[in-house]
Every structure is written in structure tokens, then in C-alpha cells.
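Enquirer: Protein chains in written order, with our numbering: chain W, 194 to 706; chain E, 86 to 253. Glycine is no exception: its CB is placed at the ideal position from the N, C-alpha and C atoms.
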Amino acid sequence: MTVRDPSLPDPFAGLSGRVIDAHRPWPRAEVQADAWTDAASRLQRGILTLIGLWGEPRTVHMALADAHEPSRIQVLSLDCPNGSYPSVGQAHPPAVRLERALGDLFPLVPIGLPDTRPWLDHGKWGAPGPFGSSRQEAASRGDYEFMPVAGENIHQLPVGPVHAGVIEPGHFRISADGDTIVRLEERLGYTHKGVESLMQGADLIRAAQLACRASGDSTVAYGLAFARAVESALGWEPPPRAVWLRALMAELERLANHLGDVGAICNDGGFAIMHAHCSVLREQVLRATLASFGHRLMMDRVVPGGVVADLDAAGSERIGALVSDIRHRFGRLVELYDNTASLQDRTVGTGVLQPAYAAQFGAGGYIGRASNRRCDARRWPGYAPYGALDFEIPVLDKGDVNARLWIRIREVEQSLRLVEQILAGLPAGVIQTARPCPKGQAAPEGMAIVEGFRGDILAWIRISAAGRVERCHLRDPSWFQWPLLEAAIENNIVADFPICNKSFNCAYSGHDL
Amino acid sequence: MRKTLFESLTLRPYTEKPATLADPQIERMAAELSAKTRSRLGRSLSLRLVDAGSCNACELELNALSNPYYDLERFGLRFVASPRHADVLLVTGPVTKNMREALLRTFEAMPAPKWVVAVGDCATCGGPYADSYACERGVQAVLPVDLRISGCPPSPGQLLAGLLALFG
């Protein structure tokens, strides 16, 4: 997968246009409509993977990766003087929701999109809409229509947006035949806060704060993605110590989230003891991060140019002790999971996501890796300091709740290894560098892909000559994971919906922004 | 399984004493709750959370209240699934316009007497989203707020101190 077969044709061949010099580190080209639709058909054929699709008032952009060599990335941009563009979603379903959302925020109509219902816009925003969008009226006329379900004895269960537990809001429309789910349809957008609109014109400090709050559980990963995009745009080099500290924080975040998830999935299987023990381990990680970096979730610790919290010797020792303690105690819990057949009865064979779907949607994180997709942004495309660190990327092929749980378990182990390596190799020096002087280039653009605990986060930014955000787009991994939950849940029983949903643990806030 | 259970018998509990109330704002808000309110609240409260557009950091810390360190239920506080069972509505997030109706409906579904607690900076004042086209400016724009617990996010200790202030 990583080494390109020379006999294969280059999937990017012919997708050329005017190359934008200001865009880094991957090329961006302004293309004509024919290249745009050509790219859509290559997505459909699976030789390219869609990794992002976003808009501006007059332009649509799509980020593509080579399906066989995911480090090769290119952005295509299409100018839309008439306010419309050829839909990618009509050929490639993973783009459908992105295009629906784009239409809610921008005055751009995807021609040929099979599903024209609004997505983020629930008809509540009032005028004026964001970025001059024109969908307000359409959204506010009439209720949202769910997909029809026909057949005898089908009943519907509307769930949410207010759920029974302490979780985020979203609506699930479950159609069931007796206990068996025949269709799940999600409706999201409840937590849409207008983040990308607030970013427009903001200075980099405020924009970084907004990015760190895209999804609270991934605050380090989002902060890192935003910072790396800004640094790419401006040719800004963070000092080596900051690069390593960022990785340390990112691995601690991954650790805390995976520990929480492993416990919570088992809890949804009715096995509370795992939940109690895992929540103790999670709490210990958060206490160590509070003591070492000054914030339990490490919010606002990663900024463009470096980090704002240094690690002293006591902190290093504290985290080192934490790692060996967790390794010992988590190992015991893994054994407990492995030996509890009644719990595995709930997880094995439940909520199976077919590898073909994971590949088609380019699903990242534990969802993709549990369905045989070899992906991890830390390696493909890769970023510092991971090239200097030794870690494995676990991949399984069953695609059920059990596989997603085991991927998390293996990733906890890998993160523990990574934390130890980072502590051992942490370079000395400063933790921030000053912003470089502008090189006279108008509106530099940067892009970054970072592996959060859920999967690959994409950040794209254009910075104005005044040093403010002209346009920033953040794409959560959940955009390519939420739709797959609908597929994975089919033919499972209603009572297994919570455990399947938890095993996906997709983001609401990061998705809705 | 057996090993883990036996070990639990010999280990001391993780549960800690709650931090003492240090936030003057929480103290002031607590003082504003009338004596009548206090007598009605008694020593047991059912909490219902509505995430009205938070980034989920507040939910992470609210969930942490149930871990063995904080063990919320020992204070007579518990999260309930239905608003019909709730005395207190906890609200996180700046109240997005898309969540406004669901929040109001949840509040209406709660039996009186009932109280509203705004949790986190977004809920108390709109936070960084105060000027957004998609958000109200915090819970007070939609519902009467009885207690505010600030923080981004408030730590479990702050949350616990704030909730215990309801008891006086």
C-alpha cells in the first residue's frame, strides 16, 4: 500500500490546472469543470480517496489522496462564477453530506446531487446566513423529510437530539422490523456553532482557540492541525522541543480517550467493572496532564509556532510513572475482557462494517483500521516527530465492535510506547519560535493532516496580508465515519444500537462545527 | 476477573473528599437560592443534562463526576435519563439555534419545582461563540438561570463544588 506499483497509472494524471504557488505543502490547482468531474469518477472507481471538500463564496475545493499511496495528496479548486458546480456526490456518495453542508453555508449549488435536503441548516439561523448562503428559506419551509421506509410491520423510533446519557446531541431515526433495524438515518447539525464563519477575519490567536474547541476530546489534535496548517502557510518552523511536546500531548490525549472508550463500550455491553477501572486510568492521565501542562484536556497548549507549556523534570518523571502503572493495570483489564465470554457475546459479530465501505469512504481511525484499512496520518502522509519514533499501526479485518475495541487496546499499548520514547528523546531548547517576517507573498495557504484519536483531521487555511484568517476549514474524521454507522447497524437489533454507536464514537461538535 | 475483584477488596477506595468551595461567584449564586428552595431541594437531586452545542469538553468532565474519584452519587446527586425525573437541568454549550427548541422542550418536560444550572463558559455567556449567527448568547438568553459554573471546561472539582452549593 505504501510503495507504488509502477505499472499502475498515476491517479492524478491529467488533473492539472493553474497551480497556486502560495499553497503548501501539497499542490493546489485551479481546474476546469471537466477535470473536476474526471476526479469525481476516479473517486468512484476507487483510485483516489476523498479527504476533504469545502467551499468559499465563489469556489469549491476538494482534497484528494492516492488510494494506493495515501501520502500523495493534491487539492483541486473549481471557480463557480454562476454559483454552481458539478456534484461529486452524484458519483461518489462520501461527498454527499459535505456538499449538502457546503450548500448550507455558501451560495453554491451542486448540480446533480441526488440528495438536496439541507444538512447543517435546520432553518433556525435567521438572516443573514453565513458566507452569503441562500438556503435559509428552503430550509425553513417545511419539516425535514427522512428517507421513506416501506414494508409490513415497520415501526420507527425517533431518538434524540436529547439523549438519555451525558452525551452530545444528534438525531437517529431508526426503522425496525420487530427488534431488527432495517434502516438507520442520522440527522446532525444540532451543535453547529458557525465556527468557520467566526474564524473569518479573526487573528491567529483567536482562530487557534476556536480550533482547539472544535471537539473538546480532540483539542490537542485540532490545535496541532491548525498550528501545522498555519506553519505550512507561513513557512514557520516550530522548535524541535515543541514538536516533540506536541506529540507527547497528542499521545496522552489518545491514551485518555481510548481508555475512556474501552470502558464505555464495555459498559454499554452491561459490564460496569471495566468502565469503573478504565475511568480511573483515564482520570489518572488527566491528572498527570493537569500537573504537567496546566490543563486536564491540554486545551490551548498547542499554538502556531510551538507550545505554551513546557515539561519539567518532575513532569517527565510523573508521566513516566503513569505509563508503567497504566501498562501494568491496563494489561490486567485486557485479560479480563479477553476472558469474559458473556461480554464478547455482545461485541463479536455486532455492528459489522464491511471493509469495502471503509475503503470507499476513506474512513480513518479505529473504524477504518478495524475494517482492514491501513491508514494513520502519523505515517501517511506523516509528520514530525513520528518518523523518528517506533510504533506499529494495528489493522484488523472483522469490522465488528470487538475489532474496534481491540484496535483501541492495541493503540493504547502503542501510545504508551510512544510516550516513553518521547520522554527519552525529548530535545532541549525553547518551546516557541517567533513568527517569520512575511515574504511579500499575498495570502499564503497551508494545509495539514493530523491523526487525532478518532482519525485524520484536515485543516486548511488562507492567511491575509494583514496576518488574519481569510478562510479556514476544519474537517473532522467523522464526516467519513458517521455514514458508515448507518451501514454497520443494518440487521442488528435495536438494543445493540448504543454499543455500536459507542464503538464508532463519532464526533458531533467536530462534525457540525 | 477473580484477580481484579480480590484486589479491590484490599485496595483503599479511590474516592476523595470534595474540594471546599473556593469560587466566590458560586458562593454568591448559592447564597441567592432562597431558604425555601433549599428546603425543597432536600439532600437529593436528580440531574438532567442537555448539551446545547458544547464542544464536548464539558460533557467529558461531567462524565468524570461518575468515576470512582468523585463518585457523584454519594452526595445524593445523580444523572437521570428522563427530564420527567429531573429536579435540575444542567446546560452546556452556547445554546445553538438548532438546539434551542430541544432545550426548551426538555425544560418544559420537567416537573416543577425545577432549577437551571449553566455549566461552562459557553453556557454562562456564549463563550467564544457569542457573536455567531448560529448561537444564542448562553443559557440565560433562553431560560432563567439559577446557578452558573464557569470554566473551559470546569474541572470535576469545580463542578462538584458548584452542584453541592445547591444544597447550601
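Between the Cα of Ala422/W and the Cα atoms of Pro362/W, Arg217/W, Leu271/W and Arg238/W, which residue gives the shortest distance?
Expert: Residue Arg217/W is the option with its Cα nearest to Ala422/W.
Enquirer: In the DSSP assignment, what are the bridge partners of Pro351/W?
Expert: According to DSSP, which records beta bridges pairwise, Pro351/W is partnered with Arg366/W.
Enquirer: In whole angstroms, what is the alpha-carbon distance linking Pro431/W and Gly127/E?
Expert: The alpha-carbon atoms of Pro431/W and Gly127/E are separated by roughly 55 Å.
Enquirer: Check the Cβ of Met86/E against every Cβ in chain W and list those closer than 7 Å, keeping chain order.
Expert: Leu529, Asn532 and Thr533, listed in chain order.
Enquirer: Give the residues from the segment 342-366 of chain W that approach chain E closer than 8 Å (Cβ to any Cβ), ordered along the chain.
Expert: Result list: Pro354, Val355, Ala357, Gly358, Val359, Ile360, Glu361 and Pro362.
Enquirer: Just to confirm my understanding: we take Gly513/W, look at its own chain, exclude 5 residues before and 5 after, and list those with CB closer than 6 Å. What are they?
Expert: Excluding residues within five positions, the ones whose Cβ falls inside 6 Å are Leu616.
Enquirer: Quick one: what's got a C-beta closer than 7 Å to Ile600/W's C-beta in the same chain, skipping five residues either side?
Expert: The residues are Tyr559, Arg562, Ala563, Pro587 and Leu589.
Enquirer: Are Phe160/E and Leu134/E closer than 9 Å when you measure CB to CB?
Expert: In this structure, Leu134/E does not lie closer than 9 Å to Phe160/E by Cβ.
Enquirer: For a contact meaning CB atoms closer than 7 Å, what does Gly236/E contact in chain A?
Expert: You won't find chain A in this structure, because its protein chains are W and E.
Enquirer: What whole-angstrom Cβ distance do Ile304/W and Ser277/W have, given they're in contact under 8 Å?
Expert: Contact flag correct, Cβ pair sits at about 5 Å.
Enquirer: For the segment 187-203 of chain E, which residues have a CB atom closer than 7 Å to at least one CB atom of chain W, in sequence order?
Expert: The segment 187-203 of chain E vs chain W, Cβ under 7 Å: Ala187 and Thr191.
Enquirer: State the start and end residues of the unbroken alpha helix (DSSP H) segment that holds Trp200/E.
Expert: Trp200/E -> not in any alpha helix (DSSP H); beta strand (DSSP E) instead, spanning Trp200 to Val204.
Enquirer: Use the C-beta contact count for Gln674/W: other C-beta atoms within 10 angstroms, 16 or more gives buried, fewer gives exposed.
Expert: It counts as buried.
Enquirer: Residues in the same chain with beta-carbon distance under 6 Å from Cys220/E, minus the five sequence neighbours each way, listed in chain order, please.
Expert: Only Pro179, Thr181 and Tyr214 meet the Cβ criterion.
Enquirer: For chain W, check one thing: does any of its Cβ atoms lie closer than 9 Å to the Cβ of Lys182/E?
Expert: Interface residue, yes.
Enquirer: Express the C-alpha separation of Ala288/W and Glu638/W in angstroms, rounding to a whole number.
Expert: Distance between the alpha carbons of Glu638/W and Ala288/W: 23 Å.
Enquirer: Of all Cβ atoms in chain W, is any one closer than 9 Å to the Cβ of Ser139/E?
Expert: Yes, its Cβ sits closer than 9 Å to a Cβ of chain W.
Enquirer: Counting along the chain, where does the alpha helix (DSSP H) carrying Pro676/W start and finish?
Expert: Per DSSP, Pro676/W belongs to the alpha helix (DSSP H) from Trp675 to Ala681.
Enquirer: What residue range is occupied by the uninterrupted alpha helix (DSSP H) comprising Glu262/W?
Expert: No alpha helix (DSSP H) contains Glu262/W, which DSSP labels as neither H nor E.
Enquirer: Any Cβ of chain E within less than 9 Å of the Cβ of Trp219/W?
Expert: Not one chain E Cβ lies under 9 Å of Trp219/W.
Enquirer: Determine whether the Cβ of Thr95/E lies closer than 9 Å to any Cβ atom of chain W.
Expert: Not an interface residue.
Enquirer: Leaving out five residues before and five after Glu444/W in sequence, what residues of the same chain have Cβ atoms less than 6 Å from its Cβ?
Expert: Answer for Glu444/W: Ser608, Leu611 and Val612, listed in chain order.
Enquirer: Would you mind telling me which residues of chain W sit closer than 9 Å to Asp136/E, beta carbon to beta carbon, in chain order?
Expert: Going along chain W in sequence order, the residues near Asp136/E (Cβ under 9 Å) are Pro354, Val355, His356, Val359, Ile360, Glu361, Pro362, Tyr383, Thr384, Tyr701 and Ser702.
Enquirer: Ends of the alpha helix (DSSP H) at Pro691/W?
Expert: Start and end: Phe690 to Phe697.
Enquirer: Hey, does Gly247/E have any beta-carbon neighbour from chain W nearer than 9 Å?
Expert: No, its Cβ sits nowhere closer than 9 Å to a Cβ of chain W.
Enquirer: Of the residues Asp308/W, Ala226/W and Gly248/W, which one's Cα is nearest the Cα of Pro279/W?
Expert: If we check each option's Cα against that of Pro279/W, Ala226/W comes out closest.
Enquirer: With DSSP as the reference, label Leu706/W as helix, strand or coil.
Expert: Coil, per DSSP.
Enquirer: List the whole-angstrom C-beta distance separating Pro362/W from Gly371/W, where the pair is believed to meet the contact cut-off of C-beta under 8 Å.
Expert: About 28 Å; that fails the 8 Å criterion.
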